[in-house]
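Report on one structure; see the data block that follows.
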Amino acid sequence: MEMQTGLKLHLICNQAPSSRRELVQASLSHALLEERIGELADADVYVCAPTGMIAAVKGHLLAMGLPEARFHTESFTLPTLIRPKSDGSRHSIHFVRSGLKVTVDGATTLLEASRQVGVHVPTGCERGLCKACVCTKVKGVTQQDEQSDIPLARITMCNSLPRSDIEIDL
Ligand code: FES
1396 MEMQTGLKLH LICNQAPSSR RELVQASLSH ALLEERIGEL ADADVYVCAP
1446 TGMIAAVKGH LLAMGLPEAR FHTESFTLPT LIRPKSDGSR HSIHFVRSGL
1496 KVTVDGATTL LEASRQVGVH VPTGCERGLC KACVCTKVKG VTQQDEQSDI
1546 PLARITMCNS LPRSDIEIDL
């Protein structure tokens, strides 16, 4: 991408672990930005993030000497997961390749279910936006696909709530 556009793209993840090699895992800091971005004299910086992250990045970069006019942003709000009130129903979540199962209620995400039995799922935002946690649902219905029990659907584990017993290809 850098050769085609002249843009330098830095992918930084603050939560472990990530299997993506191009991701740097670190917390946002002045030192990190200095190390990754380097000389700011001729830079324009573009940040797309929730407002809190934008404010934090901006604070660091302006302190490092970036002129405010060269700081460009687009903010978004992370969606809120609306969990249903418990109706007493329980669902078996089967991680097929691992051979592990757990029973949860309808307000427990599939990511939370995976953590209960120690099945690793890569994550990022944990709000359904970044798609780091996408896995293949082999069988069952979640609130995301209540209208159709689509076999082999690709779903985000962090915001999927079970509506039936589920089988996941993990
Ligand atoms: S962790 Fe980002 S979409 Fe699930």
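Counting in our numbering, the sequence shown runs from 1396 upward without gaps.
Glycine included, each C-beta is placed from N, C-alpha and C at the ideal position.
Under the three-state reduction of DSSP output, Val1516 falls in the coil class, being neither helix nor strand. Chain-ordered, the residues whose CB falls short of 6 Å from any heavy atom of the ligand FES come out as Thr1518, Gly1519, Cys1520, Glu1521, Gly1523, Leu1524, Cys1525, Lys1526, Ala1527, Cys1528, Thr1551 and Cys1553.
In the structure shown, Arg1549 falls within a strand segment according to DSSP collapsed to helix, strand and coil.
DSSP places Leu1456 within a helical segment (H, G or I) once states are collapsed to three. Ile1488 is positioned such that its CB atom lies no closer than 8 Å to that of Val1533. Distance from the Cα of Glu1541 is smallest, within the candidate group Cys1530, Lys1453 and Ile1561, for Ile1561. Beta-bridge pairing by DSSP links Val1419 to Ile1407. For His1515, the closest of Leu1505, Gly1523 and Arg1522 by C-alpha to C-alpha distance is Leu1505.
Of Cys1553, Arg1558, Ala1527 and Ile1449, the smallest CA-CA separation from Leu1418 is found for Ala1527. Put simply, the backbone Cα of Gly1535 is about 49 Å away from that of Gly1433. For His1467, DSSP records a beta bridge to Tyr1441. Annotated three-state conformation of Thr1503 is coil, per DSSP.
Taken through DSSP and simplified to helix, strand or coil, Ser1509 comes out as helix. Looking at the DSSP output, Leu1495 sits in a beta bridge with Phe1490. Fewer than three pairs of CB atoms, one per stretch, sit closer than 8 Å, so the segment 1493-1500 makes no contact with the segment 1466-1473.
At a Cβ-Cβ threshold of 8 Å, Ala1451 and Leu1423 count as neighbours. As DSSP reads the structure, Pro1557 sits in a beta bridge with Thr1537. Setting aside the 5 residues that flank it on each side, Leu1495 is surrounded in the same chain by Val1512 and Val1514, each with a C-beta closer than 7 Å to its C-beta; the list follows chain order.
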